[in-house]
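K.L.:
The structure is given below, and queries will be raised subsequently.
Numbering (our numbering), first residue to last: 228 to 788.
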């Protein structure tokens with residue numbers, strides 16, 4: 228199973244309908260619940276906006292909330308860097324000296340005063356007037372909607388919380404331990420389940436496959452994986468899911484109502500209106516790949532017979548393709564020290580901006596307690612800054628952004644894909660492809676698939692290649708290159724529900740990157756690298772991220788041209 232963004236091939240004549248699911252022939256009894264639920268219309272009885280308070284600290288969300296000013300972030304960055312230096316083994320301090328805020332405070336007075344001054348003089352910046360609203364969770368589900376449209380949005384909310392969580396949705400190698408059974412080797416997957424408690428429509432559906440949920444790991448299972456930060460050492464599952472749910476909700480607060488349970492009115496085909504409840508649940512599935520058989524673990528042979536992942540609004544599911552054998556082991560080494568330093572600065576400021584308002588001292592110093600003496604606030608600022616350093620080093624969401632100087636090409640493309648898609652649901656939709664009506668100058672209206680193409684281009688003296696970060700393959704030649712004044716319209720995206728010029732989509736995309744993923748702007752500028760392959764020395768070159776749009780017309784139209 229893969230959570231990768233689906234990409235649409237050119238549709239066939241039989242796959243043009245994309246709004247409401249068509250009524251098909253009756254399904255077998257075992258398939259009836261998922262089939263019927265996918266066609267069910269829902270309406271929340273309690274709107275999201277009325278159900279919740281949007282937390283100020285939610286990163287990348289609620290863009291109307293004022294943010295910490297540049298002066299505050301820069302002063303805080305200096306304080307954080309100083310704390311890191313003092314805690315470093317290279318600082319020269321004796322290892323016996325405790326690294327507590329109280330012990331470090333005498334060395335941080337100047338930096339802490341700079342932070343306090345910035346907070347008290349220039350704490351907030353107003354929100355950008357052209358902010359487009361990155362999540363829009365409160366507006367998206369205010370009217371009637373299909374469960375099949377809700378499912379990918381819920382998965383996106385979960386995946387955007389961190390790169391590690393997105394990989395958990397896909398499945399990562401791990402070991403699982405149960406008392407009396409020992410350790411098993413296999414793949415562990417985070418399963419997002421939607422429980423529908425509606426008369427005649429009660430089921431527990433895996434949102435990735437849209438099939439009835441299979442058995443999940445019990446809480447008394449121990450997990451270990453080298454590919455998930457919190458599981459480097461064996462860890463009991465008990466307690467992991469509440470923390471993970473809290474982390475996801477802190478990133479996208481509008482998903483909280485679905486975790487808590489949302490009351491709905493539901494209308495399914497051939498049914499009357501019913502009232503009920505839908506609730507989002509998380510669990511873990513483990514598919515054993517070793518030879519030993521234990522009854523409580525699913526076996527790989529069973530997984531191979533599982534249905535393909537469900538992706539609504541696409542004509543066919545296309546999982547992330549595997550790179551060629553020549554490219555799969557390529558290593559990218561970033562060699563421009565200035566670019567790396569700038570990337571680290573942008574990254575740290577982005578992390579600080581998303582976390583600084585969680586710290587009680589900063590809210591107190593900036594708002595209610597401006598009259599408190601500096602002498603009383605300085606130790607509190609140092610303590611909060613030390614807590615922030617700990618958070619930056621341990622939080623999966625924040626560490627997901629980190630960039631190693633040397634990284635495998637496949638890992639880099641996957642991280643760039645997550646960075647792109649996390650900013651707005653509409654970006655994720657565009658990367659997978661949306662059904663559009665399109666009008667070009669001197670052409671009739673056309674129907675087809677519009678897709679955002681983000682490609683990584685590398686040039687060395689010996690090679691010049693491009694890689695579509697969504698498919699993991701070289702981009703296909705553009706069938707119809709698109710001018711910026713092309714008009715597009717789609718019922719699948721909030722960004723172009725009404726006819727609009729393609730350049731407006733580009734503008735909205737750049738706004739998302741500036742607000743939610745400024746690190747990607749540095750990749751758009753490009754930088755120097757070395758390309759390292761197996762048994763070969765590094766080859767100097769450059770790498771750059773390029774973005775554009777491609778249009779795949781329907782087959783019935785292209786055949787007539």
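Ideal Cβ positions, reconstructed from N, Cα and C, are used throughout, including at glycine.
Which runs of the alpha helix (DSSP H) at least 4 residues long sit entirely within the segment 645-717? Give them in chain order.
P.N.:
DSSP runs (the alpha helix (DSSP H)) wholly in the segment 645-717: 652-659.
K.L.:
Let's test the definition: count the other Cβ atoms within 10 Å of the Cβ of residue 737 and tell me whether it reaches 16, buried, or not, exposed.
P.N.:
exposed
K.L.:
Going by Cα to Cα distance, which pick from 263, 262, 302 and 268 is closest to residue 612?
P.N.:
Answer by Cα proximity: 302.
K.L.:
For residue 449, write down the residues that DSSP places opposite it in a beta bridge.
P.N.:
Paired residues: 404 and 463.
K.L.:
With a 10 Å radius around its C-beta and 16 neighbouring C-beta atoms as the bar for buried, classify residue 688 as buried or exposed.
P.N.:
exposed
K.L.:
So, do the segment 367-379 and the segment 628-637 have three or more beta carbon pairs nearer to each other than 8 Å?
P.N.:
no
K.L.:
On the DSSP bridge list, what partners appear for residue 491?
P.N.:
Residue 491 pairs with 271 and 503.
K.L.:
Can you say whether residue 699 is buried or exposed, counting buried as having 16 or more other CB atoms within 10 angstroms of its CB?
P.N.:
buried
K.L.:
Got a sec? Which residues, its chain only, sit under 8 Å from residue 426 by beta carbon, not counting five neighbours each side?
P.N.:
501 and 503
K.L.:
Applying the criterion that 16 or more other CB atoms from any shown protein chain within 10 Å of the CB defines a buried residue, is residue 717 buried or exposed?
P.N.:
The residue in question, residue 717, is buried, as its Cβ has 16 or more Cβ neighbours within 10 Å.
K.L.:
Cβ atoms of residue 702 and residue 653: under 9 Å apart, would you say?
P.N.:
no
K.L.:
Please state the DSSP three-state secondary structure of residue 283.
P.N.:
In this prediction, residue 283 has a pLDDT of 36, which is less than 50 and means its spatial position is unreliable; what the coordinates show is noted afterwards. Reduced to three states, the DSSP call for residue 283 is coil.
K.L.:
Tell me where the alpha helix (DSSP H) around residue 754 begins and ends.
P.N.:
No alpha helix (DSSP H) contains residue 754, which is instead part of the beta strand (DSSP E) from 754-759.
K.L.:
Could you give the uninterrupted runs of the alpha helix (DSSP H) lying entirely in the segment 363-389, keeping only those of 4 residues or more?
P.N.:
Correct list: 364-367 and 374-386.
K.L.:
Pair every Cβ in the segment 429-437 with every Cβ in the segment 453-468, then say whether three or more of these pairs are closer than 8 Å.
P.N.:
no
K.L.:
What separation, rounded to the nearest whole angstrom, lies between the Cα atoms of residue 570 and residue 273?
P.N.:
43 Å
K.L.:
Within the continuous beta strand (DSSP E) that includes residue 317, where are the two ends?
P.N.:
That residue, residue 317, is in no beta strand (DSSP E); it is neither H nor E in DSSP.
K.L.:
Is the segment 740-756 in contact with the segment 558-567, if contact means three or more CB pairs nearer than 8 Å?
P.N.:
These segments touch.
K.L.:
Measuring straight from C-alpha to C-alpha, what distance separates residue 245 and residue 719?
P.N.:
Reliability of the predicted coordinates at residue 245 is poor, the pLDDT of 38 falling under 50, and the value obtained from them is presented with this limitation in mind. Roughly 9 Å between the two C-alpha positions.
K.L.:
Going by beta carbon distance, what residues of the same chain come within less than 8 Å of residue 710, once the five residues before and after it are set aside?
P.N.:
667, 668 and 729
K.L.:
Relative to the C-alpha of residue 731, which residue among 447, 775 and 761 is closest?
P.N.:
Looking from the CA of residue 731, the closest CA among 447, 775 and 761 belongs to 775.
K.L.:
Ordered along the chain, which non-local residues of its own chain (more than five positions away) have a Cβ less than 7 Å from that of residue 306?
P.N.:
Correct list, in chain order: 335, 338, 339, 342 and 612.
K.L.:
Measure the alpha-carbon distance for residue 771 versus residue 573 and round it to whole angstroms.
P.N.:
18 Å
K.L.:
Should residue 295 go down as buried or exposed, given a rule of 16 or more other Cβ atoms within 10 Å for buried?
P.N.:
buried
K.L.:
Keeping to the same chain, check which residues put their C-beta closer than 7 Å to that of residue 595; ignore five residues upstream and five downstream.
P.N.:
Summary for residue 595: the model assigns pLDDT 49, below 50, so the residue's position carries little reliability; its value from the coordinates is reported in the next sentence. If we look at residue 595 and ignore the five residues flanking it on each side, it has no Cβ neighbours.
K.L.:
My assumption, with CB atoms under 8 Å, is that residue 505 sits in contact with residue 489. Please give the rounded CB distance.
P.N.:
5 Å
K.L.:
Taking residue 436 as the reference, which of 416, 445 and 428 has the closest Cα?
P.N.:
With distances taken between Cα atoms, residue 436 lies closest to 416.
K.L.:
Among the candidates 331, 344 and 684, whose CA atom is the shortest distance from the CA of residue 639?
P.N.:
684
K.L.:
Terminal residues of the continuous beta strand (DSSP E) containing residue 743?
P.N.:
First-last for residue 743: 729-743, but that is the alpha helix (DSSP H), not the beta strand (DSSP E).
K.L.:
Starting from the C-beta of residue 270, find all residues in its chain whose C-beta is less than 6 Å away, skip the five residues before and the five after it, and write them out in chain order.
P.N.:
371 and 492
K.L.:
Classify residue 308 as helix, strand or coil using the three-state DSSP reduction.
P.N.:
helix
K.L.:
If residue 744 sits next to residue 650, beta carbons under 8 Å apart, how far is it from one beta carbon to the other, in whole angstroms?
P.N.:
5 Å
K.L.:
In this structure, does DSSP put residue 429 in helix, strand or coil?
P.N.:
coil
K.L.:
State the start and end residues of the unbroken alpha helix (DSSP H) segment that holds residue 578.
P.N.:
564-582
K.L.:
Between residue 486 and the rest of its own chain, which residues show a CB-CB distance below 7 Å, the 5 nearest in sequence each way excluded?
P.N.:
472, 476 and 507
K.L.:
For residue 771, which three-state DSSP category applies?
P.N.:
strand
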